[in-house]
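In this text, residue positions in the sequence shown follow the numbering used here: the first is 5, and each later residue adds one. Note that the Cβ used here is the ideal one computed from N, Cα and C, for glycine as well. Fair warning: this is a prediction, and the values are worked out from it, not measured in the lab.
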Amino acid sequence: MSRLGSAAIVVCAALLAACSSAPPAVFDPASSLEVRSYQTRVLEHGDRDLALRAVIGTLQDLGFVIDAADATLGTVTATKLARYQVRMTVAVRALDEAHVLVRANADYSSPLDGAPAVPIDDPSTYQDFFQALERSAFLAEQGVG
5 MSRLGSAAIV VCAALLAACS SAPPAVFDPA SSLEVRSYQT RVLEHGDRDL ALRAVIGTLQ
65 DLGFVIDAAD ATLGTVTATK LARYQVRMTV AVRALDEAHV LVRANADYSS PLDGAPAVPI
125 DDPSTYQDFF QALERSAFLA EQGVG
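This is how it looks when you write it as structure tokens:
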């Protein structure tokens, strides 16, 4: 092969490499921060155990069945069966003596098709959960329920 042929191959390879598209972004920090903002609330109840009990009560009130609760880790996982299987995991962490951080993650899947779970990213789902949680935490703090 001549030098001209080799050079042509190198130039063609470089041009093809330059034309290839970059892989799609797997991690979008802007959307991750937005999702985290509506999945997270700070409750003005400093008792983490009280907040965990309120999370469990809220999930049950919303029709979920508690799958696992770990007081040491501060996590609760629950499932609700409707048209889809909805799974929610809630983590509770004490920030200081007066505040508790609560973060909820939910996803759904069809129990029949075996497809992977799809994250729920609708803010209203989390808003509804946190409104119910705040009422439940308030009642628990008052010793009601």
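According to DSSP, residues forming a beta bridge with residue i
{"i": "P115", "result": "In DSSP, P115 forms no bridge with anything."}
{"i": "A110", "result": "M92"}
{"i": "R97", "result": "L105"}
{"i": "L47", "result": "V104"}
{"i": "P123", "result": "D111"}
Terminal residues of the alpha helix (DSSP H) in which residue i lies
{"i": "T76", "result": "That residue, T76, is in no alpha helix (DSSP H); it is neither H nor E in DSSP."}
{"i": "L56", "result": "R52 to D65"}
{"i": "D132", "result": "P127 to E145"}
Limits of the beta strand (DSSP E) - the one that residue i falls within
{"i": "R87", "result": "First-last for R87: undefined, no H or E at that position."}
Per-residue burial, residue i [other beta carbons within 10 Å of its own, 16 or more giving buried]
{"i": "L3", "result": "Only positions 5 to 149 of the chain appear in the structure, and residue 3 is not among them; the question remains open."}
{"i": "Y130", "result": "buried"}
{"i": "L99", "result": "exposed"}
{"i": "S41", "result": "exposed"}
{"i": "Q43", "result": "buried"}
{"i": "V104", "result": "buried"}
{"i": "V90", "result": "buried"}
Distance between residue j and residue i (C-alpha atoms, nearest Å)
{"i": "Y112", "j": "L63", "result": "15 angstroms"}
{"i": "R107", "j": "V122", "result": "18 angstroms"}
{"i": "S128", "j": "V39", "result": "12 angstroms"}
{"i": "K84", "j": "A72", "result": "13 angstroms"}
{"i": "L77", "j": "A95", "result": "8 angstroms"}
{"i": "V30", "j": "L37", "result": "In this prediction, V30 scores a pLDDT of 49, lower than 50, which makes its location untrustworthy; no coordinate-derived value is stated."}
{"i": "Q146", "j": "G67", "result": "23 angstroms"}
{"i": "I70", "j": "N109", "result": "15 angstroms"}
{"i": "P120", "j": "S114", "result": "9 angstroms"}
Other residues of its chain near residue i: CB distance less than 6 angstroms, five sequence neighbours each side excluded
{"i": "A136", "result": "T62"}
{"i": "F134", "result": "R45"}
{"i": "T81", "result": "D71, A72 and T93"}
Same chain, Cβ closer than 7 angstroms to residue i, neighbours up to 5 away in sequence not counted
{"i": "A58", "result": "L137, S140, A141 and A144"}
{"i": "E48", "result": "A102 and H103"}
{"i": "A55", "result": "L47, H49, V96, V104, V106 and A141"}
The ligand NAD heavy atom lying under 7 angstroms from the CB of residue i
{"i": "A136", "result": "Because no ligand of any kind appears in the structure shown, any question about the ligand NAD cannot be addressed here."}
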